[in-house]
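Note sheet for the following structure.
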Amino acid sequence: MMLLSRFWYAILGVALAAAIAFVYVGIHQHNRIRETDTRLIIDHDRDIVDWYLRIDSRRRLDALAIVSIDDQVRNGIVKANAQEKVAHEVREAMKKRLGDLAQKFSGLIKDEGKGGAVPIALFAVDARGRVVSHVNFDRAGQVKDDTFELGGFPVVADALHGWLRDDTWVFDRDSIYRVVARPVVAAEGAPPAGAVVAVRRVDDGFAKTLVDRTEVPVAFYVAAPDGDAVKVAARAVPDKSDVSFDGFTIEGKSPADDKSYQETGSSPLRQAGPMTVAYSRLIGMSWESGAGYVVARKVTSIADPSALLAGADESDKKAVPMGLLIGIALAAILIGIGATVVEHGMPLTKLSREANKFAKGQQDALPLAKLSGPFRKIGQEVNEGVERVIAKGGGASRKAADLEQILGPVPAAPQMSAFSFGLAPEPGPAPGRQSGPSVDDMLANLPPAAGAAPEPAKPAGPPPKPAGPPPKPAAKPAAPVVPPAPAAPVISSLVEDSSEAEDDATMVQKIPEELMAAAKSGEVRAIETADELVQWRQTFDEFVNMRQKCGEPTTGLSFEKFQGQLRKNKEQLVKQYNCKRVKFTVYEKDGKAALKATPIKD
């Protein structure tokens, strides 16, 4: 049935399915952990940006000290305080000096604009809040020098009162500026004479500097207070990052509709396409203007098992224990091949060998006892097919005859007197128990062989006399008479008569009257030789083994009775075919043990 091979295929199938299941479980676990880690990273990124902005403001305030203590700046502010209208000469001298200081300021904080331009705008403010002079302000064309004032901004007003302050401004709902201011002290113990202010516009350059130092993808935006539109003012992502702000837009009411964002300035994590984002408001005047920043991360998930190899690098591939995997694969292959050879190759080779003998005439049929599994069924069908072809061609069939056709009806259960050979008086049946049929009854019911002339009817004789003491057996030149066994089993075997030569097939005919008389009188000739007895003993052992293999009962089956039946069939065949000896062969027929008798003339 090839159970081992099929079981091995089942093991391989289950192992493959389990491996695939483990891969999918691992993928899902990886994606879940990555999603959790990404959320934690985004929360950290938001804090990192906030800390950076605070530290950056402090650094700018410290760097602004080179401007607030500069003598030319201080003297220019003092002169402006004494004038009702700031003189042009004072403005120009102050502007030139502020330009030089802006260059130094930018170098101190390592903040450079595109193309090496100085992105820092400096303002000098007198005690009344008037702008004495300014440099690098990108909106200078929108103001007039005579009326330009900054004293109304809280950060400047606090600086005029001696405070160091930072703030964030929003102009025109689309531009964000980071602002720091310091007081300018002209005399020790006196109120500040004025203030200096440094302004840095938040553009892509500012965002790039932040990203280079924090490795956090960030974008700055301005959300209109009415929630109609959101303007992205600056954006930047780290190198080799899977996050991209190209085409990134924020819905007009997305941050504004969030209650947590309005109250605390931070929104919960949200999904923006393939990215997970979080919004935070900028502290200062920009809070009410809707300015803020957004940090983003992309969850790196694995879609399917094929993506595992797509994202693997050389170090990942080197971590695979190739030797172990190759050993497992080779072991599985060898086990599968071995199971196939044992359950398929070897039985098929045996069938081929027996079929070759059958084709060469070395045997009359395929020996089913030597075949196993489905090949036994094949051999049985081949044998039956050969018999049918012979029958259709008009030849004599070699099909085995049932034992009942040879010996007559056989009882369904073992009987003590199932086979009696007339060697002793046959007692009557015991009360409540019916004895088995005698050999006379079994042999008398045999149908005549095909082609044999029917025996003329005999006149009815007197009723049989009671069985007397058995007559004295005749002297035997060879083996002694074998007494009948006390019991006999139910034998449902088949005996097949065939000839190795081209003669007609052996046919079972009625036992001659003289042999019957000899059997009744107990004068059975011992015609078998010592070699035949050895062969019959071997045949008996094979017959018992075959019955056990076929699941038939063997209780009560003895060699003495088996030998007696072989002797009778031999005498019949010797007389019929005028042969010297008869060879008996055991084989399986329709799931039962069967015997085949072959007359041998030479």
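This note's numbering numbers the first residue of the sequence shown as 2 and each following residue consecutively.
Quick reminder that beta carbons are idealized off the backbone N, C-alpha and C, glycines included.
Residue i: buried (16+ other C-beta within 10 angstroms of its C-beta) or exposed?
i           : result
residue 251 : buried
residue 9   : buried
residue 217 : buried
residue 459 : Per-residue confidence for residue 459 stands at a pLDDT of 44, beneath the threshold of 50, marking its modelled position as unreliable; the derived number appears in the next sentence. It counts as exposed.
residue 497 : The predicted model places residue 497 with a pLDDT of 39, which falls under 50 and marks its position as unreliable; any figure quoted below should be read in that light. Under this definition residue 497 is a buried residue.
residue 182 : buried
residue 473 : Caution is warranted here: a pLDDT of 46 is assigned to residue 473, below 50, making its placement in the model unreliable, and the coordinate value is therefore given only provisionally. Exposed, by the Cβ-count rule.
residue 313 : exposed
residue 305 : exposed
residue 194 : buried
residue 347 : exposed
residue 540 : buried
residue 487 : Legend: pLDDT at residue 487 = 39, less than 50; position of this residue unreliable, value from coordinates given subsequently. It is exposed - the Cβ of residue 487 has fewer than 16 other Cβ atoms within 10 Å.
residue 57  : buried
residue 86  : exposed
residue 231 : buried
residue 27  : exposed
residue 307 : exposed
residue 291 : buried
residue 323 : exposed
residue 17  : exposed
residue 562 : buried
residue 571 : buried
residue 533 : buried
residue 246 : buried
residue 30  : exposed
residue 25  : exposed
Going by the DSSP bridge assignment, what does residue i pair with across the sheet?
i           : result
residue 544 : According to DSSP, residue 544 bridges with nothing at all.
residue 599 : 584
residue 198 : 124, 182
residue 533 : Partner(s): none; residue 533 has no beta bridge.
residue 593 : 590
Can the beta-carbon of residue i be found closer than 7 Å to that of residue j?
i           : j           : result
residue 236 : residue 39  : no
residue 215 : residue 53  : yes
residue 284 : residue 201 : no
residue 598 : residue 587 : no
residue 62  : residue 165 : yes
residue 64  : residue 99  : no
residue 1   : residue 50  : Residue 1 cannot be examined here, being either before or after the span of the chain that is shown, 2 to 603.
residue 238 : residue 222 : no
residue 134 : residue 80  : no
residue 69  : residue 171 : no
residue 602 : residue 580 : yes
residue 296 : residue 219 : yes
residue 156 : residue 173 : no
residue 82  : residue 118 : no
residue 43  : residue 279 : yes
residue 376 : residue 367 : no
residue 177 : residue 203 : yes
residue 206 : residue 328 : no
residue 184 : residue 160 : yes
residue 372 : residue 362 : no
Can you tell me the Cβ-Cβ gap for residue i and residue j, rounded? I've got them flagged as a contact below 8 Å.
i           : j           : result
residue 589 : residue 326 : Not quite, the Cβ-Cβ distance comes to about 48 Å (not below 8 Å), so this is no contact.
residue 281 : residue 267 : 5 Å
residue 123 : residue 188 : Contact doesn't hold; Cβ gap of about 23 Å is too wide.
residue 130 : residue 153 : 7 Å
residue 105 : residue 78  : No, residue 105 and residue 78 are not in contact; Cβ-Cβ is about 19 Å, not under 8 Å.
residue 92  : residue 146 : 6 Å
residue 224 : residue 269 : Not confirmed; about 17 Å, so no contact.
residue 595 : residue 548 : About 10 Å separates the two Cβ atoms, so there is no contact after all.
residue 333 : residue 13  : 7 Å
residue 309 : residue 303 : 6 Å
- Task: Pick out the complete beta strand (DSSP E) segments inside the region 115-179, 3 residues or longer, and give them in chain order.
- Result: 121-127, 132-136, 166-172
- Item | Complete runs of the beta strand (DSSP E) confined to the region 286-311 [at least 3 residues] | 292-299
- Message: Extract the residue ranges of the alpha helix (DSSP H) inside the region 313-368, only unbroken runs of 4 or more that lie entirely within it.
- Response: 315-319, 323-341, 347-360
- Message: Extract the residue ranges of the alpha helix (DSSP H) inside the region 37-68, only unbroken runs of 4 or more that lie entirely within it.
- Response: none
- Task: Output the residue ranges of the alpha helix (DSSP H) runs that lie fully inside the region 220-288 and measure 4 residues or longer, sorted by chain position.
- Result: 260-265
- Task: Just list the alpha helix (DSSP H) runs in the region 68-118, keeping only unbroken ones of 4 residues or longer that don't cross its boundaries, in chain order.
- Result: 72-82, 89-110
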